[in-house]
Amino acid sequence: MTYTLAFDVYGTLIDTQGVTNKLHSYLGDLAAQFAQQWRDKQLEYAFRRGLMEDYVNFSDCIQQALEYTCQHFDVYLSTEQKNVLLECYLSLPAFEDVAPGLSALAETNHQLFAFSNGTTEAVESLLSHSELDSFFSEIVTVETTKTFKPSPKVYQHLLHTTQSSADATWLVSSNPFDIIGAASQGLQTAWIKRSEKAVFDPWGVEPTLIVENIVALSEALAQQ
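Numbering (this note's numbering), first residue to last: 7 to 230.
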């Protein structure tokens, strides 16, 4: 069966911890902890703005979360250093399994879409830098809906844009909040569990599939 496959970008295809190397040159051993706090705060700001109906581009959430994280750890980064880190978010690396996994999925005639809380410009930059852009029919972002995942509006926007029914559409994400949000709208879901330590929210909602990476997803869907 041919499906519409919508791939979350940050943390699913693209490794947000890829900024750690640059952070290490600024902060030493604090880099990994700083990077994780920065990422967590980005998501928190997106969720809060969604609830407040006070939309800004996700790039603004990234920048504001960086300012917060500097204050949280009481570290000084110059304006130039902050700009370098923000630029890094436009050229983060893809996980190693992504290109071969997407290639295998494309060969089976599934329709592949990038689906992100980020701006179209930022996602285009990430996918181009990682040489993944050719796999996708289109990039679907939240800029039209003016709110963030996991709002129901975002998943309905995906279905409208792709002209696909919920039961023929898969949301592929490493983020449990994204999986639960998509499932609440009737989409099929594949949780990319990239770490054995990853915990799925105990909300009584189960992903349709749980796989460790995109290659494993292609193998699992081949058996559907």
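Every residue, glycine too, gets a C-beta built ideally from N, C-alpha and C.
| Check | Outcome |
| --- | --- |
| Just to confirm my understanding: we take R45, look at its own chain, exclude 5 residues before and 5 after, and list those with CB closer than 6 Å. What are they? | T22 |
| Considering Cα atoms alone, identify which of G192, A41, Y9 and L49 is closest to F79. | A41 |
| Quick check on DSSP: helix, strand or coil for S224? | helix |
| Rounded to whole angstroms, what is the Cα-Cα separation between E127 and P208? | 34 Å |
| On a CA-only basis, which of Q43, F64 and K28 is nearest T151? Give me that one, please. | F64 |
| Just to check my reading of the structure: L11 and L111 have Cβ atoms closer than 8 Å, yes? What is that Cβ distance to the nearest angstrom? | 6 Å |
| Can you give the beta carbon distance from S122 to D14, rounded, assuming they're within the 8 Å contact cut? | 7 Å |
| Specify the secondary structure class of L177 as computed by DSSP and reduced to three states. | strand |
| Report the residue from T175, G210 and A226 whose alpha carbon sits nearest the alpha carbon of I198. | A226 |
| Verify whether the separation of the beta carbon atoms of E144 and F119 is less than 9 Å. | yes |
| CB-CB under 7 Å to A196, same chain, minus the five flanking residues each way: which ones, in chain order? | W176, V178, P213, T214, L215, V217 and L223 |
| With a threshold of 16 other CB atoms inside 10 Å of the CB of H166, please say whether the residue is buried or exposed. | exposed |
| Extract the residue ranges of the beta strand (DSSP E) inside the region 182 to 221, only unbroken runs of 3 or more that lie entirely within it. | 194 to 198 and 215 to 217 |
| On the three-state DSSP scale, how would you describe T10? | strand |
| Quick one: residues in its chain with C-beta nearer than 8 Å to the C-beta of K159, no 5 flanking neighbours on either side, listed in chain order? | T151 and T153 |
| Which residues bound the alpha helix (DSSP H) around A52? | A37 to M58 |
| In whole angstroms, give me the CA-to-CA distance for N271 and G17. | Because residue 271 is not part of the residues shown, which for the chain are 7 to 230, the question remains open. |
| Please report the distance separating the alpha-carbon of I185 from that of P156. | 9 Å |
| Is A228 closer than 9 Å to Y9 when the C-beta atoms are compared? | no |
| S163 and V146: beta carbons closer than 9 Å? | Note that residue 163 is His in the sequence shown, not Ser. The answer is yes: Cβ separation under 9 Å. |
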